[in-house]
Each structure stands twice: as structure tokens, then as C-alpha cells.
Amino acid sequence: MNVDFGSHFSQDALELYALGVLSEHGCSDVEEHLLICPQCQTQLEAADEYIRVVRTAHVLNSSRAQRVSHASWDAASESL
Amino acid sequence: MERSAVRKRFDESDVRSLVAGLGAAEFAGGADVAALVENRCEPSEPGCKGEVDLQNLVARIHRGEVSGMEDLYKIFAQGIRFFLCRHLGPQELNDKIHDTFVIVVQAIRKGDLREPERLMGFVRTVVRRQIAAHIDKLVDSRRTESDLDVGVRLADVRRNPEQNAAFEQKAEFMVSVLDSLSERDREILSRFYLDEQSQEEICKAMNLSETQFRLLKSRAKSRFGELGKKKLLQRRMDSISMRTSACCAN
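Shown next as C-alpha cells:
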């Protein structure tokens, strides 16, 4: 029985793995491939980074939105 | 140490220490160890790529052949390093990799791996157990040694200032991307990346087709990439114009 290094996982699959939402079976398939595939390791690192960026951006966005609404409330209450 | 440590290759001392750890007489010869180091290459390099006969590999390791060890290194060293670093951080990484290899090789030599085609799964299980054991140890030491200043070692996941700045910039690009999206599209991304809802759940809750969902995700990603490229280009142009004006001033 031979191991083929050539079959890579899609970016979507690696993103699901990075989010930790893959099934146990899917997870083991991805991890076994990652053990021998530097290309997918790099893709997974990119997916990890992208998820961190999206999460941080969401937090920044909502905290800015909050600040804006506070500021407009202050402005409105001042004019009243 | 940075994440790039994941890409580090094994050097001669790694192989020597593994051989010493195994305590196997047939692995102790200097010439064989040198050959192991001399011939190593990454699985991504030509010559390592392609197919590996696992049955043959396991049989060679079982017989104690150095070439079997060499091939095991070629195939798994980087992957094991990647997993251990991803879960435990770069601290004492070489020791952990060494321990993992010792366990795998010893098990094969004892004949514990009865189905050679399961070698990948076996290595994965050993790596996962190593990670779990290390986390258990950390939790235990944190519980029992909480009053002490030393003894609790955690992975330092902080980035250096340069990486921090790059990350902050990326987050700013993503804020611009999110700003350019409708409230509904932002909610879809937020459900997926923040709340970790599945695609099916999101599509059902928001009455979306799978195609719409995929399209939005890929659109946000490519917009993020475009913004990054644009900013990078802008920065290069700025630096060229600054250099030009400095030359003119001189």
C-alpha cells in the first residue's frame, strides 16, 4: 500500500478544521494529510491568520459602532 | 522563537540524540548517522514527493534499518514539528519531537503497529497523545504549583512588534471590508467566524442558498486581499517618491 502526497484539501476544508467544526472523522483525515504536506500546513496557517483577522475586525467594528452611538447620543443630549 | 521555527529542518544533533534515545546498537554508528543527515530532504522536495510504500517502510524500521529511520524523518519530521508548535508553542520543541519519534520507532520495532497502512493514523495518535499529556501536565502543575514563581510554563504566543503591526494593519483592512458589506452580509460572516455556526445552520436561519453563502465568503476574502495589495503598492509608491524627493533635495 502506497501513500500519495499529492491530494490536497480545499481551503474551505482547512478553514473548517481551523475553526474546529469538522467531524472527528474529517478531522483525522485532515490531520493525517497535514502530517506529510507542507503545502497544506502553509494553507492552514493562512486560514488561522485570516480567522484571527476577521474576529479582531468584528470586535473593532462593533466597539467603534458603540463609540459612534455613544458620541451621537452625547451630541443629541447636548443639543437638547 | 517565531512560528517560522515550524519550518526548521532536523540537523545532525537531532538525529544523533534520537539515535541515543533509542539506545539501539545498530543506530549508534557515526557513519550511519552522518548518512541519515546527509540524505535528508523535505517531503516537498523532488525525490521525496510521490508515493511511499508504507509496508516496506514499517518493515525496514522493524528490522532496525537506518534507511527506514531516515525515510520516517523525511516524511514526518516537519509535520510533527508543525502540530506540536501549533498546539504547544515553540518551547522545548526539539525535545518534544524527539520524544514523539522515540515512541513511534519503539512501537514499530516492538511490533505494536500491526497494520502498516495505518502508520499515518498511528503517528497522528502519538502526536495527539503527546499534546494532551503536555497540556495535562501544564494544568496539573498550575493547580499544584500555583504559589510558586517557577514551574508553570506556558507557550508564549505573543508576536513581536513587527508582526503585531502587520496584524493590526490586516485587521484594519478587514474593518474596511466589513464596512463595505451590508448589515446582513456582516451578520453571515459573524455567524460563521465568530459564533462558529455551520454553513447549514446559517443558510437555514438566514434563508440563503449554499452558493450565496460561498460567494459572500469568497468575495470578502478577495476584497481583503485586494485591499492589502493596494496598500502595499501605495506604500511602495510613497517610499519611491520619498527617495526621489530626498535625491532632489540633495
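Chains as they are written, first to last, in this note's numbering: chain Z, 533 to 612; chain F, -13 to 236.
Think of the CB as a built atom: it goes at the ideal place given N, C-alpha and C, for glycine as much as any other residue.
Predicted model only: the values in this text are computed from it and were never measured.
To which residues of the same chain is residue 573 of chain Z closer than 7 angstroms at the C-beta, ignoring the five residues directly before and after it?
566
Compare the C-beta of residue 212 of chain F with all C-beta atoms of chain Z and state if any pair is closer than 8 angstroms.
no
According to DSSP, is residue 553 of chain Z helix, strand or coil?
coil
So, with DSSP's three-state summary, where would you put residue 580 of chain Z?
helix
Quick one: which chain Z residues come within Cβ less than 8 angstroms of residue 179 of chain F?
Here the neighbours are 551, 583, 586, 587, 590.
Cα-Cα separation between residue 74 of chain F and residue 607 of chain Z, rounded to whole angstroms
49 angstroms
Hey, how far is the Cα of residue 111 of chain F from the Cα of residue 224 of chain F?
51 angstroms
When you compare the CB positions of residue 590 of chain Z and residue 194 of chain F, do they come within less than 8 angstroms of one another, or not?
no
Measure the beta-carbon distance from residue 547 of chain Z to residue 579 of chain Z and round it to whole angstroms, keeping in mind my assumption that it falls under 8 angstroms.
5 angstroms between Cβ atoms; contact.
When DSSP labels each residue in this structure, what does residue 98 of chain F get in the three-state scheme?
coil
Give a yes or no on whether 8 angstroms exceeds the smallest Cβ distance from residue 554 of chain Z to chain F.
no
Quick one: is residue 562 of chain Z buried, meaning 16 or more other Cβ sit within 10 Å of its Cβ, or exposed?
buried
My output table needs one value for residue 606 of chain Z: the three-state DSSP class, helix, strand or coil.
helix
Going by Cα to Cα distance, which pick from F/159, F/198, F/91 is closest to residue 53 of chain F?
F/91
Given a limit of 9 angstroms on CB to CB distance, which residues of the stretch 65 to 85 of chain F reach chain Z?
Residues of the stretch 65 to 85 of chain F with a Cβ closer than 9 angstroms to any Cβ of chain Z, in chain order: 65, 66, 68, 69, 72.
Cβ neighbours of residue 592 of chain Z in the same chain (closer than 8 angstroms, five flanking residues each side left out)
none
Quick one: Cα of residue 114 of chain F to Cα of residue 108 of chain F, how far?
10 angstroms
Can you give the beta carbon distance from residue 540 of chain Z to residue 569 of chain Z, rounded, assuming they're within the 8 angstroms contact cut?
Right, the Cβ-Cβ distance comes to about 7 angstroms (below 8 angstroms), so this counts as a contact.
Quick one: is residue 174 of chain F buried, meaning 16 or more other Cβ sit within 10 Å of its Cβ, or exposed?
buried
Please list the terminal residues of the continuous alpha helix (DSSP H) segment that includes residue 58 of chain F.
52 to 74
Taking all protein chains shown into account, do 16 or more other C-beta atoms lie within 10 angstroms of the C-beta of residue 65 of chain F, making it buried, or fewer, making it exposed?
buried
Which of helix, strand or coil does DSSP assign to residue 171 of chain F?
helix
Applying a beta-carbon distance threshold of less than 8 angstroms, which residues of chain F neighbour residue 573 of chain Z?
-8, 64, 65, 68
So for residue 16 of chain F, helix, strand or coil by DSSP?
Unreliable placement is indicated for residue 16 of chain F, whose pLDDT of 36 sits below 50; the coordinate value is still reported in the next sentence. Note: residue 16 of chain F maps to helix in three-state DSSP.
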